[in-house]
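What follows is a single structure, written as structure tokens, with notes after it.
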Ligand SMILES: Nc1nc2c(ncn2[C@@H]2O[C@H](COP(=O)(O)OP(=O)(O)OP(=O)(O)O)[C@@H](O)[C@H]2O)c(=O)[nH]1
Ligand SMILES: [Mg+2]
Ligand SMILES: [Zn+2]
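Numbering (my numbering), first residue to last: 1 to 288.
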């Protein structure tokens, strides 16, 4: 029988199969090989022994939070309180793309402050944007559309409105919102297991900890690869005069030309430069 892992707790794995959820153990062989099954893994079960016998090749895998085969990462940011740092958003979108995950930027609290600046910063980024407005319902169908048929997760700072959004699109999850979540939730959230729920014709991984994605080793992007995780550079980077152009100050740089012509956003380009400098400081052995 085959299925996917919805949750792993204390050596037990809960596998959703055609006939419902099965509680299983993993075969010892995985530990010997240094592989641990995680939520999102597609697995083959041994029906007699009730063990996971095989893990299908993964599209991607994260250690913290533990999840595999993620399709979409919703990066939720608020137009006001807490005001987003575009550098943090750009690191998260870059880390997602680097791990073969589609980032989707979701802007909340558009009823309080118009998202004009953010809209301008990301208009040409090549990253899908969703503006959520609860009074008009704007954006909600777009979110549901992204979830349909995919495994998705949400990340973003405390207070941006992740739980509020989840409660609107999937009320059955009963997320705590506002002060209550922050007063009661902290300790529990950090240790909580990843769990996958089926909603809106797709799946949501209920997980905490993607905020630190950019600091994780798996997501450290070598400076030469940074141009690949800024989708808006794609049309220009082949046109630079020098092969291996780092798009920082070189003569004949088509990316800088596009920046000068207003085709690439200054805030996105500033993030590229900052990330390039950071990546240049990391020694090779640290990225291995
Ligand atoms: N006006 C307005 N308030 C919002 C919106 N989205 C969320 N809020 C409010 O912002 C506060 C924080 O929302 P939550 O959904 O709890 O935020 P969260 O991202 O889940 O926060 P953590 O669980 O701490 O990570 C709550 O008081 C919400 O009612 C919005 O679009 N407009
Ligand atoms: Mg919350
Ligand atoms: Zn260049």
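C-beta atoms are modelled at their ideal positions from N, C-alpha and C, and glycine is treated no differently.
Bounds of the alpha helix (DSSP H) holding residue 90 are 86-98. Exposure of residue 85 is indicated by the presence of fewer than 16 other C-beta atoms within 10 angstroms of its C-beta. Taking 7 Å as the cut-off, the C-beta of residue 132 counts as close to a heavy atom of ligand 1.
For residue 166, the enclosing alpha helix (DSSP H) begins and ends at 162-169.
Its Cα nearest to that of residue 196, the residue 42 stands out among 273, 42, 251, 159.
Distances between the C-beta of residue 162 and the heavy atoms of ligand 2 include at least one below 7 Å. Counting only the Cα atoms, residue 268 lies some 12 Å from residue 262. Distance check between residue 203 and each of 173, 226, 177 places 173 closest, using alpha-carbon atoms only.
Non-local beta-carbon contacts of residue 159 in its own chain, meaning distances under 6 Å to residues more than five positions away in sequence, involve 82 in chain order. By the C-beta density criterion, residue 141 is exposed, having fewer than 16 other C-beta atoms within 10 angstroms. Secondary-structure assignment with DSSP links residue 206 through a beta bridge to 195. Taking residue 177 as the centre and dropping the five residues before and after it, the same chain places the C-beta of 163, 164 closer than 6 Å to its C-beta, in chain order. Between residue 24 and the set 15, 167, 32, 224, the nearest pair of CA atoms involves 15. The alpha-carbon of residue 122 is positioned some 42 Å away from that of residue 20. In this chain, the beta strand (DSSP E) harbouring residue 7 covers 2-9. Counting the other Cβ atoms within 10 Å of the Cβ of residue 2 gives fewer than 16, which makes it exposed.
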